[in-house]
Amino acid sequence: MTPDEFRVFGHALVDWIAEYRSSLPKLRVMSDSEPGEIRALLPPEPPSEPEPMESLFADLRRVVLPGITHWSHPRFFAYFPANSSLAAVLADLVASGLGAQCMSWQTSPAATELEEVMMDWLRQMVGLPQNFVGALQDTASTATLVALICARERAAKLSSARPMTVYASEQAHSSVEKAVRLAGFGPANLRLIETDREFALVPHQLEEAISADVALGKWPAAVVATVGTTGTMAVDPVHAIAQIAADHRMWLHIDAAMAGSAMLLPECRPMWRGVEQADSLVFNPHKWLGATFDCSAYYVRDPAHLVQVMATHPSFLKTSQDQRVKNFRDWGIPLGRRFRALKLWFLIREQGVRALQARLRRDLANARWLAQQVDASPEWERMAPVLFQTVSLRHRPPGLEGERLNVHNQSLADRVNQGGAAYLTTAVVGGSLIVRVSIGSETTEREDVAAIWSLLNGEAKALL
Ligand code: PLP
Numbered sequence: 000m001t002p003d004e005f006r007v008f009g010h011a012l013v014d015w016i017a018e019y020r021s022s023l024p025k026l027r028v029m030s031d032s033e034p035g036e037i038r039a040l041l042p043p044e045p046p047s048e049p050e051p052m053e054s055l056f057a058d059l060r061r062v063v064l065p066g067i068t069h070w071s072h073p074r075f076f077a078y079f080p081a082n083s084s085l086a087a088v089l090a091d092l093v094a095s096g097l098g099a100q101c102m103s104w105q106t107s108p109a110a111t112e113l114e115e116v117m118m119d120w121l122r123q124m125v126g127l128p129q130n131f132v133g134a135l136q137d138t139a140s141t142a143t144l145v146a147l148i149c150a151r152e153r154a155a156k157l158s159s160a161r162p163m164t165v166y167a168s169e170q171a172h173s174s175v176e177k178a179v180r181l182a183g184f185g186p187a188n189l190r191l192i193e194t195d196r197e198f199a200l201v202p203h204q205l206e207e208a209i210s211a212d213v214a215l216g217k218w219p220a221a222v223v224a225t226v227g228t229t230g231t232m233a234v235d236p237v238h239a240i241a242q243i244a245a246d247h248r249m250w251l252h253i254d255a256a257m258a259g260s261a262m263l264l265p266e267c268r269p270m271w272r273g274v275e276q277a278d279s280l281v282f283n284p285h286k287w288l289g290a291t292f293d294c295s296a297y298y299v300r301d302p303a304h305l306v307q308v309m310a311t312h313p314s315f316l317k318t319s320q321d322q323r324v325k326n327f328r329d330w331g332i333p334l335g336r337r338f339r340a341l342k343l344w345f346l347i348r349e350q351g352v353r354a355l356q357a358r359l360r361r362d363l364a365n366a367r368w369l370a371q372q373v374d375a376s377p378e379w380e381r382m383a384p385v386l387f388q389t390v391s392l393r394h395r396p397p398g399l400e401g402e403r404l405n406v407h408n409q410s411l412a413d414r415v416n417q418g419g420a421a422y423l424t425t426a427v428v429g430g431s432l433i434v435r436v437s438i439g440s441e442t443t444e445r446e447d448v449a450a451i452w453s454l455l456n457g458e459a460k461a462l463l
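Counted from 1, the sequence shown has number 407 at position 408 by numbering that gives the first Met the number 0; the numbering is strictly sequential.
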């Protein structure tokens, strides 16, 4: 494709995306595609001759769109939001257009220096101390793996080969378990600590687990505190956990994948009191904030240790600036790196911090409104405190208990999703199946939250 052809097709594609975004409210949210249906529309073999771009465009509509669940839909209430602000979409286009490789400073100085500045803008935006520095990673899962590898290396210097243990709450994300396995601690050395009625880690249970392990000759290497668990957005008591981590010289990693964005709001920051004592922290601007996936901000207090663990020094990567610059390939696992900082730059500049804060506050207010509706309805039960934007609830008609109640609520969620007017997901927390209404799509307004509430009520009635 020549640059002139690109100009024509690029304009057409931007128009296509704009039209798609405008038409979202009219589309069903969850794809109703059956397994194998999209595959059947695709030729099993690659074309040997060039095809016109027009036929590709037509296939976007015919083949791809029916198999898309619309994460930017105003009635997307599933998982956590993965907002893809249009300014960030444009930045991703620029990044692809530049085709820059950001592994070393020299391979694109602007990419490295913009990333340094974006990491510092984000740090200021969420109120982290000045000594927190970091790099963008693809996902929180990778960041947590990097954190636990660093923890392992630091503990290895202290522990003279004793078996090492890692601690997290029983509500921690599955990426913690995965990182424990991949970092080589072994699944048997992960301790999932009991949580309280609000699904937050209980510090004295952590203390007891550590003491029991020490008595068995193990070396407690790391603890992961979650600020905003996936199930219910519970918050572990960071301050108390940090104290325990310090007492045992353990690595403290904070997983604030979702809730980190909320810390743009000074009124939310008391919830992660003690955060400045963390050795590492991750939050995902690719969730609530709007930086198109993938974009995970990973901070550390001691970058020298991170670089020592992650750096390699092959002759083919040496540059004459190595002593004077950051080479972000040494701040994580992959060598090759995309130019992710651009989408933060576009997003933050196009919106401004104040507008981002206003959107987050809108979502928090909508979640509080929904919680009030649930609390005022005798047949509904709120299953967790609403600290942020997720409302955990279930329908509880008289006479239904235990597994039958769980099945009832799963059917309720399935009916909402199959109807196509909204999309939400469930989780099992403390043995109960909860329906999670996760508010925070960029275009979700109060009327959309009111709509999911009346949809839930309607489907609940239809089920009985
Ligand atoms: N940690 C928490 C608390 C999450 O909720 C999630 C995903 O929702 C993750 C980690 C994993 O995020 P990622 O997809 O960036 O690996």
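In this text, a Cβ means the ideal position worked out from N, Cα and C, and glycines have one as well.
{"Item": "Exposure of Gly351, with buried meaning 16 or more beta-carbon neighbours within 10 Å", "Value": "exposed"}
{"Item": "Assigned exposure category for Gln371 - 16 Cβ within 10 Å defines buried", "Value": "exposed"}
{"Item": "Thr318: CB within 7 angstroms of a non-hydrogen atom of ligand 1", "Value": "no"}
{"Item": "Same chain, Cβ closer than 7 angstroms to Phe345, five either side skipped, listed in chain order", "Value": "Ala86, Ala87, Leu89, Ala90"}
{"Item": "Nearest residue (CA-CA) to Ala459, options Lys317, Pro73, Gln276, Val415", "Value": "Val415"}
{"Item": "Distance cut-off 7 angstroms: Met0 Cβ against heavy atoms of ligand 1", "Value": "no"}
{"Item": "Close-in-space but distant-in-sequence residues of the same chain around Arg151 (CB under 8 angstroms, 5 per side omitted)", "Value": "Met163, Ala182, Gly183, Phe184, Ala220, Ala221"}
{"Item": "Proximity of Ser71 and Thr442 at Cβ, strictly below 8 angstroms", "Value": "yes"}
{"Item": "Tyr298 CB to nearest heavy atom of ligand 1 below 7 angstroms", "Value": "no"}
{"Item": "For Asp278, three-class secondary structure by DSSP", "Value": "coil"}
{"Item": "Presumed contact (8 angstroms Cβ cut-off) between Ala110 and Phe338, rounded CB distance", "Value": "5 angstroms"}
{"Item": "Proximity of Gly227 and Ala258 at Cβ, strictly below 8 angstroms", "Value": "yes"}
{"Item": "Element boundaries [alpha helix (DSSP H), containing Pro302]", "Value": "302-309"}
{"Item": "Heavy atom of ligand 1 within 7 angstroms of His172 beta-carbon", "Value": "yes"}
{"Item": "Spatial neighbours of His229 in its chain, beta-carbon cut-off 6 angstroms, leaving aside the 5 residues before and after", "Value": "Correcting the residue type first, residue 229 is Thr in the shown sequence and not His. Contacts found: His172."}
{"Item": "First through last residue of the alpha helix (DSSP H) which encompasses Tyr466", "Value": "It is not possible to answer for residue 466, since the shown part of the chain is limited to 0 through 463."}
{"Item": "Unbroken stretches of the alpha helix (DSSP H), 4 residues or longer, contained in the segment 154-204", "Value": "173-181"}
{"Item": "Exposure of Glu444, with buried meaning 16 or more beta-carbon neighbours within 10 Å", "Value": "exposed"}
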